[in-house]
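Undergrad: Top to bottom, those sequences are chains A and B. The UniProt record's numbering numbers the first residue of the first sequence as 1 and each following residue consecutively. The UniProt record's numbering numbers the first residue of the second sequence as 1 and each following residue consecutively. Sharing a structure here in structure tokens format.
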Amino acid sequence: MHKKMAFSFPDEVLEHVFSFIQSDKDRNAVSMVCKSWYEIERWCRRKVFVGNCYAVSPRMVIRRFPEFRSIELKGKPHFADFNLVPDGWGGYVSPWIEEMAGAYPWLEEIRLKRMVVTDESLELIAKSFKNFKVLVLSSCEGFSTDGLAAIAASCKNLKELDLRDCEVDDLSAHWLSHFPETYTSLVSLNISCLGSDEVSFSALERLVGRCTNLKTLRLNRAVPLDKIANILRHAPQLVEFGTGTYTADVRPDVYSDLAGVFSSCKELKSLSGFWDVAPDYLPAIYPVCSKLTSLNLSYATIQSPDLIKLVSHCPNLQRLLVLDYIEDSGLEVLASSCKDLQELRVFPSDPYGAEPNVSLTEQGLVAVSLGCPKLQSVLYFCRRMSNEALVTIARNRPNFTRFRLCIIEPKTADYLTLEPLDVGFGAIVQYCKDLKRLSLSGLLTDRVFEYIGTYAKKLEMLSVAFAGDSDLGLHHVLSGCESLRKLEIRDCPFGDKALLANAAKLETMRSLWMSSCAVSFAACKLLGQKMPRLNVEVIDERGPPDSRPENCPVDKLYIYRSIAGPRFDMPPFVWTMDEDSGLRL
Amino acid sequence: MVLEKDLNLDATELRLGLPGSSEESLRISNKRALPNMNDDSGVAAAKKCDQETAPPTKAQVVGWPPIRSYRKNSLQTKKTEAETGGMYVKVSMDGAPYLRKIDLKVYKGYPELFKALEDMFKFKVGKYSEREGYNGSEFVPTYEDKDGDWMLVGDVPWEMFINACKRLRIVRGSEARGLGCVV
């Protein structure tokens, strides 16, 4: 009787229904309803997301999803961005490309983050996937312009080539010329990370000229200001544009040319680039400012007055990245001009200076939290903070989903009361009920973690540095944060007890990173033995952990759930704690 | 406090030691004790094990503040220029195996620049005249300006030159003929 119910819809109908379900979470949920839904779903899943490339093997993915067209893979832990993960740790994409090259000639899209990509892999992609359309490499490394040349030469249907924040070995600017003259399908090109002094301008102009569907173009620093006008003339339909160096001797003809060409870009919504800005050239973009929704000035070393003028022209701004040159005064203007602001990132212009070089304090953040009702996402570097300000911010803006605060000097106390900032961050998690991501800084005791464990029920990612007093802090987080997926900790006095007591929790998370903490080698071994579905990696450049007493803390620890078992591509300074031997070299 | 009780390791089976033994006997008979939960010397214990004598100074803290390298690099270039006011340009010479870099701001004028180049590359700049360019030398100093054009060094006033000069190239006289040089 029940069987009849399960087959009441033909497969095709279910497939059609599933085709409206795009998000991975929902797709995963669908696949768990019953066996037949699992089967139908796996055959029609077109986009696969693997948040940790070591959590599953390429073969397992291919076996389960025989017909996917798009894959997204992430490799190194987030702290690799700040040089905490030694070179050679892993995150190689080649095994994936090799497996897919054989199995999936119809693969269309590859998106990678923090992975090591070689020219060989790029060449294999170019050769194997005839309908390849999208390559997004985010914070990747290991390849050169030779690999890019292969992609350009062979991928006739390429629509998107995005190299955001990659480290590319710039061997030759001529890779751009490898796009054949017949190639016209480019929609999005982001080469802003390329470092070479020479860019083949003529090849770039010709490419831009013949790709009439181009919507996104982000140039690199090497493209001088006077070349921009020509490029934009070929592409007035651009929606997103990143300049190169935005400075030149002030020449009225260059200026008016530029201003004219910007005026003709009626669709432009996003601007970026702006290295080495000459303030006199900024007004050239005023014609497009009223339509701008996204502005990245995080390389623009211009002072507050120029920033204020610019920002006041952009009432529809939703996303702003800027240096702390904007100062509190600039943020106040932002708060009154940009009521649609959703995301703000303020970067430090002088991160290693002992004294503040600009007048940017907690007041700027308070102003923005008060004035911008839609503000959800903040990354803010500053030098002082108070509990009072944080409580005000939390009360003003309970709709924060991402709150990342970096007080530059570690363990900085509330500058008014000299107390820890526990109460302030406590208010953030208490008022912002939908908070998904949080980064802490300043002087913090175990108390802040108690607040986090109690209130941050939707928190998915937490970054902690130089905080806490004892294992209790870690225990609060692991036992209280129900939605926690990623936890990264550095330089905190957290040891074995909380980790071992919450071992089961680790299987519900994607990963845990702990460096310069107090977790002993013995605890790592124990965890590795007891939890077969966790890979417990000890990363220690001082040498094998068993050359020191067992209770010595390990330097770095990376724990992640995996159904692929321990990996075999580890460098000499990484050991996986294994169920069999307790130590795998 | 409720949560301290939660950290009851006996309830989970994961603890360091044989089943049946209590927490106290977990102390490994070793000179170095387990990190004590109640003090914040966890990090201190780490240091004892490593026999490090001093905590890392601010300058040594890796990865803090958490800024991506490309941002750091982009700021540093700007800072160096702003602080030192240097105008570094690459200098190449035909036949030399590698390039050099010089700071144009340290020279007061063309004579000093030429002296420095002559010392660096072991050649002699000829005598400059507006009409004929450089006479009496096989080598001629040229520079690339902001428009990407290659120009003869010395035609324009010094201030204008250092603002326009992107890189220098010392060419063999035979190649410099087009720049008005008489060999």
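Yeah, the Cβ is synthetic: ideal placement off N, Cα and C, and Gly gets one too. Owing to the predicted nature of the structure, the values given are computational and were not obtained by experimental measurement.
#1: Let me know the secondary structure DSSP gives Leu-440/A once reduced to three states.
#2: Inspect the beta-carbon positions of Pro-224/A and Thr-245/A and report whether they are closer than 8 Å.
#3: Would you say Val-89/B reaches chain A, if we count a Cβ-Cβ gap shorter than 8 Å as a contact?
#4: Taking Cys-34/A as part of the alpha helix (DSSP H), name the residues at either end of that continuous run.
#5: Residues in its own chain within less than 6 Å of Leu-487/A by CB, not counting five upstream and five downstream?
#6: Are there 16 or more other CB atoms within 10 angstroms of the CB of Arg-172/B, so buried, or fewer, so exposed?
#7: Please state if the CB of Gly-242/A and the CB of Ser-202/A are separated by a distance shorter than 8 Å.
#8: So which residues of chain A does Arg-169/B contact, with C-beta pairs closer than 8 Å?
#9: With H, G and I counted as helix, E and B as strand and the rest as coil, what does DSSP make of Tyr-352/A?
#10: Taking Cβ-Cβ distances shorter than 9 Å, what residues in chain A pair up with Trp-150/B?
#11: Across the stretch 169–181 of chain A and the stretch 141–156 of chain A, are there enough close Cβ pairs to call them in contact, namely three or more that are closer than 8 Å?
#12: Note down, in chain order, each residue of its chain lying with its Cβ closer than 8 Å to the Cβ of Glu-24/B, except the 5 sequence neighbours on either side.
#13: Locate the alpha helix (DSSP H) running through Glu-112/B, then write down its first and last residues.
#14: Quick check on Ala-29/A: buried or exposed, where buried means 16 or more other Cβ atoms within 10 Å of its Cβ?
#15: Helix, strand or coil: which one does DSSP assign to Met-577/A?
#16: Do the stretch 82–90 of chain A and the stretch 122–139 of chain A meet, that is, are 3 or more Cβ pairs less than 8 Å apart?
#17: In terms of residue numbering, what span does the beta strand (DSSP E) encompassing Met-514/A cover?
#18: To be precise: take each residue of the stretch 389–408 of chain A, compare its Cβ to all Cβ atoms of chain B, and keep it if any distance is under 7 Å. Which residues remain?
#19: Return the chain-ordered list of same chain residues with a C-beta closer than 7 Å to the C-beta of Glu-41/A, the five sequence neighbours on each side being excluded.
#20: Between Leu-421/A and Leu-443/A, which are expected to be in contact by the criterion C-beta below 8 Å, what is the C-beta distance as a whole number of angstroms?
#21: Pick helix, strand or coil for Gly-424/A, following the three-state DSSP scheme.
#22: Taking the alpha carbon of Lys-133/A as the reference point, which residue from Lys-497/A, Lys-505/A, Leu-459/A, Lys-156/A has its own alpha carbon closest?
#23: Trp-158/B CB to nearest chain A CB: under 8 Å?
#24: Note down, in chain order, every chain B residue with its Cβ under 8 Å from the Cβ of Asp-165/A.
#25: Please classify Met-160/B as buried or exposed, where buried requires at least 16 other C-beta atoms within 10 Å of its C-beta.
#26: Leaving aside the five residues before and after Asp-496/A along the sequence, list all residues of the same chain whose C-beta is less than 7 Å from its C-beta, in chain order.
#27: Just to make sure I have the definition right: I need the residues of chain B whose C-beta is within less than 7 Å of the C-beta of Leu-84/A. Which are they?
#28: Does Ser-129/B get closer than 8 Å to chain A when you measure Cβ to Cβ?
#29: What span of residues does the alpha helix (DSSP H) with Phe-161/B cover, start to end?
#30: Considering only their Cβ atoms, is the gap separating Val-554/A from Pro-545/A smaller than 8 Å?
#31: Starting from Arg-100/B and walking both ways along the beta strand (DSSP E), at which residues does that stretch end?
#32: So, does the CB of Ser-92/B fall closer than 8 Å to a CB anywhere in chain A?
#33: Grouping DSSP H, G and I as helix and E and B as strand, with all else coil, what is Arg-206/A?
#34: If you compare alpha carbons, which of Leu-534/A, Leu-435/A, Glu-205/A is closest to Met-509/A?
#35: Is it the case that the Cβ atoms of Lys-90/B and Arg-167/B are separated by a distance below 8 Å?
#36: Please classify Thr-80/B: is it buried, with 16 or more other beta-carbons within 10 angstroms of its beta-carbon, or exposed?
TA: So, from the listed chains and residues:
#1: Looking at Leu-440/A - three-state DSSP - the assignment turns out to be coil, as it is neither helix nor strand.
#2: Yes, Cβ-Cβ distance for Pro-224/A and Thr-245/A is below 8 Å.
#3: Not closer than 8 Å to any Cβ of chain A, the Cβ of Val-89/B fails to qualify, so no.
#4: That residue, Cys-34/A, is in no alpha helix (DSSP H); it is neither H nor E in DSSP.
#5: Closer than 6 Å at Cβ, skipping near neighbours: Leu-462, Leu-512.
#6: Answer is exposed; the Cβ neighbour count stays below 16.
#7: For Ser-202/A and Gly-242/A, no; Cβs fall outside 8 Å.
#8: Taking a Cβ-Cβ cut-off of 8 Å, Arg-169/B has no neighbours in chain A, whose nearest Cβ is about 14 Å from it.
#9: The DSSP-derived three-state label of Tyr-352/A is coil.
#10: What Trp-150/B touches in chain A: nothing, since even the nearest Cβ is about 15 Å away.
#11: Look at the beta carbons and you see the stretch 169–181 of chain A touching the stretch 141–156 of chain A: at least three pairs across the two are nearer than 8 Å.
#12: For Glu-24/B, the predicted model reports a pLDDT of 39, less than 50, meaning its position is unreliable; a value from the coordinates is still stated below. No residues qualify anywhere along the chain.
#13: Note, Glu-112/B: alpha helix (DSSP H), 110–121.
#14: Answer is exposed; the Cβ neighbour count stays below 16.
#15: DSSP places Met-577/A in strand when its eight states are reduced to three.
#16: No contact exists between the stretch 82–90 of chain A and the stretch 122–139 of chain A.
#17: 511–515 is the span of the beta strand (DSSP E), which, as asked, contains Met-514/A.
#18: Contacts with chain B (Cβ-Cβ distance below 7 Å) from the stretch 389–408 of chain A involve Cys-406, Ile-408, listed in chain order.
#19: Excluding residues within five positions, the ones whose Cβ falls inside 7 Å are Phe-18, Arg-27, Val-30, Ser-31.
#20: Going by Cβ atoms, the distance from Leu-421/A to Leu-443/A rounds to 6 Å, so yes, they are a contact pair.
#21: Taken through DSSP and simplified to helix, strand or coil, Gly-424/A comes out as helix.
#22: Considering only alpha carbons, the answer is Lys-156/A.
#23: By this cut-off, Trp-158/B is not an interface position.
#24: Near Asp-165/A (Cβ distances below 8 Å), the residues of chain B are Arg-68, Tyr-70.
#25: A residue is called buried when at least 16 other Cβ atoms come within 10 angstroms of its Cβ; Met-160/B does not meet this threshold and is exposed.
#26: So the list reads Val-519, Ser-520, Ala-523, once near-sequence residues are dropped.
#27: Proximity of chain B to Leu-84/A at the Cβ level (cut-off 7 Å) is accounted for by Val-62, Gly-63, in chain order.
#28: False, the Cβ-Cβ gap to chain A never drops below 8 Å.
#29: Run containing Phe-161/B: 158–164, per the alpha helix (DSSP H) assignment.
#30: Yes, they are a contact pair.
#31: From DSSP, the beta strand (DSSP E) with Arg-100/B extends over 100–103.
#32: So no, Ser-92/B is outside the interface.
#33: Of the three classes helix, strand and coil, the one that applies to Arg-206/A here is helix, per DSSP.
#34: Measuring from the Cα of Met-509/A, the nearest candidate turns out to be Leu-534/A.
#35: Contact flag set, yes.
#36: In this predicted model, Thr-80/B has a pLDDT of only 49, less than 50, meaning its place in the structure is not dependable; the value taken from the coordinates is given anyway. Result: exposed.
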